[in-house]
Amino acid sequence: MSDAPIGVFDSGVGGTSIWKEIHKLLPRERTIYLADSKNAPYGEKSQQQILELSIKNTELLLEMGCKLIVVACNTATTNAILYLRTHYGLPFIGIEPAIKPAALNSISKVVGVLATKGTLSSSLFHSTSENHANGIKLIEQEGTGLVPLVESGNIDSKETETLLRKYIDPMLDQGMDHLVLGCTHYPYLVPVLRKIMPEGVKIIDSGEAVARQVKAILEKNAMLNTATSHKGHRFYTNIDPEVLRNFVSGVALDIRVEKLDF
1 MSDAPIGVFD
11 SGVGGTSIWK
21 EIHKLLPRER
31 TIYLADSKNA
41 PYGEKSQQQI
51 LELSIKNTEL
61 LLEMGCKLIV
71 VACNTATTNA
81 ILYLRTHYGL
91 PFIGIEPAIK
101 PAALNSISKV
111 VGVLATKGTL
121 SSSLFHSTSE
131 NHANGIKLIE
141 QEGTGLVPLV
151 ESGNIDSKET
161 ETLLRKYIDP
171 MLDQGMDHLV
181 LGCTHYPYLV
191 PVLRKIMPEG
201 VKIIDSGEAV
211 ARQVKAILEK
221 NAMLNTATSH
231 KGHRFYTNID
241 PEVLRNFVSG
251 VALDIRVEKL
261 DF
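If you're matching positions, the sequence shown starts at 1 in this note's numbering and goes up one per residue.
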């Protein structure tokens, strides 16, 4: 199993922000990435729809021989990962908004969370908030419309900046000093966020923590890849592969991006 690939899935290209951190920490591992862009964004779907899509992606990655699956989508994690861990016999790594480090380090005791409706309304998100945000004013903001802008590669547009200002300015007015990005698409918006926020506001996402957890689980289960030869990375999308290719080209050797109907 050690040379089997790590599987990663997301509702589109956003999870490549997680994939990049995994590849940086574990460059010997080969990976298979599913970008379910046809069904993006997951955050506006019902819990049952999110579960069904997560099952579909999981079973495809299992067919491809993956040894571990990263649910590189906050919405899918908060709505489906408990089911996946119960029903499938391999490790799953999920993505949760990094509320704990933000709450621990906030000086103003005001933390903003920018996430999808599906994440903010989930029971897992609420339990995380209750466990780690005591004494913190937690401002929850749905990032409606942001995922489609990232999916289209339309990140540096005036439309993106205007939408982000609409979401961020009210949080700044309330004294926010930490912004938690609760969707794997949102790290691609960091350059725009830096432009519209004061320097003192810290932006936190889950990418590095997820990569460290992947490494820890692989070590614990003796599944780290020890092979000297590298078999590359496969990326599959169910819409135009050129968009996905633009997000991952040049990051690693032996990258193949293909369209697959799933």
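For every residue, glycine included, the Cβ atom is placed at its ideal position computed from N, Cα and C.
The structure displayed is predicted, hence computed values, not measured ones.
Residues that residue i bridges to, as DSSP identifies them
i, result
"residue 237", "35, 259"
"residue 71", "9"
"residue 20", "Residue 20 is not bridged to any residue."
"residue 140", "113"
Element boundaries [alpha helix (DSSP H), containing residue i]
i, result
"residue 224", "Premise fails: residue 224 is in no alpha helix (DSSP H) and is neither H nor E."
"residue 54", "47-63"
Cβ separation of residue i and residue j, assumed to be a contact under 8 Å, to the nearest whole Å
i, j, result
"residue 124", "residue 93", "Not confirmed; about 14 Å, so no contact."
"residue 101", "residue 204", "6 Å"
"residue 149", "residue 159", "7 Å"
"residue 4", "residue 73", "Incorrect: roughly 22 Å between the Cβ atoms, too far for contact."
"residue 179", "residue 114", "6 Å"
"residue 151", "residue 70", "Residue 151 to residue 70, Cβ: 19 Å. No contact."
"residue 246", "residue 261", "About 21 Å; that fails the 8 Å criterion."
"residue 116", "residue 97", "Residue 116 to residue 97, Cβ: 10 Å. No contact."
"residue 80", "residue 54", "4 Å"
"residue 12", "residue 147", "7 Å"
Element boundaries [beta strand (DSSP E), containing residue i]
i, result
"residue 202", "202-204"
Classification of residue i by the beta-carbon crowding that lies within 10 angstroms, buried from 16 upward
i, result
"residue 170", "exposed"
"residue 22", "buried"
"residue 227", "exposed"
"residue 249", "exposed"
"residue 78", "buried"
"residue 103", "buried"
"residue 256", "exposed"
"residue 138", "buried"
"residue 195", "exposed"
"residue 157", "exposed"
"residue 192", "buried"
"residue 185", "buried"
"residue 173", "exposed"
"residue 168", "buried"
"residue 216", "exposed"
"residue 187", "buried"
"residue 154", "exposed"
"residue 127", "exposed"
"residue 46", "exposed"
"residue 36", "buried"
"residue 112", "buried"
"residue 199", "exposed"
"residue 232", "exposed"
* Ranges of the beta strand (DSSP E) found wholly within the segment 77-138, counting only runs of at least 3 -> 110-115
* Asked: At what residue ranges does the segment 142-195 contain a whole run of the beta strand (DSSP E), taking only runs of 3 or more?
  -> 178-182
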